[in-house]
Every structure is written in C-alpha cells, then in structure tokens.
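Notes follow the structure.
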Amino acid sequence: MRAELDQIGPRLRAERRSRGLTLEELAASADMSTSTLSRLESGKRQANLELLLPLTRRLDIRIDDLLPAKPTDPRVHRPAVRRDGLTIVPLAPEHSSVMTFKITYPAGGALPELRTHDGYEWLYVLTGRLRLRLGEQDLVLARGEAAEFDTHTPHAMSAAGGRAAQVISIFNEKGAKIHTRTSESE
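191 is the number that the working numbering gives the last residue of the sequence shown; the numbers go up by one with no jumps.
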C-alpha cells in the first residue's frame with residue numbers, strides 16, 4: 006500500500022503539468038500554499054482528503070486517477086464453440102478489435118463453400134495440413150506455415166490429408182492489414 010501512496014505526488018505533478026499549470030496557479034486555485042503543494046507532489050507531505058479534494062476538483066480528475074490501476078487478470082476465459090464440425094476456441098476478449106481463435110478442422114472434412122466478408126486474416130498452422138482455397142488458388146499449408154489475405158477474396162478452409170488441422174486465426178473486421186515483425190526485422 007505504501008508504494009501506491011508514494012505514486013500520488015508524482016501523478017499529481019504529471020496531471021498539473023499536462024494542463025500547463027504552475028505550482029503557484031494550482032495552489033492558489035485550490036486554496037493552499039505553494040509550499041504545501043510542492044511538498045505533496047514531492048512526497049514530503051502525506052496526502053489526505055482535505056488536500057486532495059480541492060486539487061482533484063480543480064484538475065477535473067477523480068482521486069482514483071492518482072492511484073495505480075488494479076492489475077487485471079489478462080487471461081481469456083471464453084468457452085470453445087463447436088460449429089459446422091469445427092472446434093473454435095476464442096483466444097481474445099469478446100470485444101477485442103482483433104479477433105484471435107484456435108480452430109480445429111476435422112479430418113476428412115469437405116471444403117465448404119467459398120465466402121467473403123469484411124476484414125483481413127492471418128493464419129498459422131499448428132498441426133496437420135490446411136487446405137486454403139483463396140480465389141482461384143488451391144493451396145495446402147503444412148505445420149509452421151502462415152498465410153495472410155484480404156477476406157474480400159472468396160476463401161474457404163478445411164483439413165488436408167487424413168488428420169485434423171489446428172490453426173491460429175487472427176483477423177479484424179476493418180480490413181486493415183496485420184503487420185507482424187520478427188526479431189530479425191526489428
């Protein structure tokens with residue numbers, strides 16, 4: 006808790022500076038001395054409600070804004086979905102701008118009808134082999150291969166060969182290309 010309280014002063018200073026206010030201007034508008042505000046910002050004076058309320062009102066922030074955010078659980082807890090013979094495991098939060106899934110295509114599954122939709126897709130084959138029909142191209146991707154394409158191009162996917170295929174699929178609905186970097190290109 007001490008570490009959280011120690012962050013109040015520097016966060017208060019950052020808020021004041023982001024608004025272009027001097028110590029003198031903020032102190033005067035909050036009806037306190039410049040030295041009190043200076044000591045509060047530097048951590049030499051302990052924060053209390055009597056000091057913080059007028060400051061946060063003048064800065065138009067909440068007292069909570071001066072405290073570090075609680076760490077949230079980054080894990081994604083969404084159930085797998087079974088649809089048209091596929092097992093689809095969501096790997097991103099429900100309202101994420103980039104949708105990520107682990108998809109299992111069953112062995113022997115027929116290639117579905119080609120379809121189009123808004124977006125851009127990137128996929129990576131984890132296990133097995135994936136048949137990707139993309140416009141006039143009929144491709145087979147092996148484990149460790151990736152593909153990236155505009156989803157306005159008619160496309161369909163299924164497992165190739167006698168085994169199921171597991172794929173990581175990442176796409177967005179806005180049609181923006183997903184830029185990936187490797188350590189070699191950074």
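C-beta atoms are modelled at their ideal positions from N, C-alpha and C, and glycine is treated no differently. Since we're looking at a predicted model, the values are computed, not measured.
{"Item": "Could you tell me whether the region 159-169 touches the region 132-145, where touching means 3 or more Cβ pairs closer than 8 Å?", "Value": "yes"}
{"Item": "Check the DSSP bridge columns for residue 92 and list the partner residues they point to.", "Value": "87, 109"}
{"Item": "Using a threshold of 8 Å, state whether the C-beta atoms of residue 177 and residue 110 are closer than that.", "Value": "no"}
{"Item": "Thinking C-alpha only, which one of 173, 119, 123 is nearest residue 151?", "Value": "173"}
{"Item": "In the DSSP assignment, what are the bridge partners of residue 153?", "Value": "127"}
{"Item": "Starting from the C-beta of residue 46, find all residues in its chain whose C-beta is less than 6 Å away, skip the five residues before and the five after it, and write them out in chain order.", "Value": "14, 17, 18"}
{"Item": "From the DSSP output, in three-state form, read off residue 120 for me.", "Value": "strand"}
{"Item": "What number of angstroms, rounded off, separates the C-alpha of residue 80 from the C-alpha of residue 73?", "Value": "20 Å"}
{"Item": "Below 8 Å on the Cβ atoms is my contact criterion, and I expect residue 57 with residue 68 to pass it. Report the Cβ-Cβ distance as a whole number of Å.", "Value": "6 Å"}
{"Item": "Comparing alpha-carbon positions, which option in 128, 139, 36 lies nearest residue 61?", "Value": "36"}
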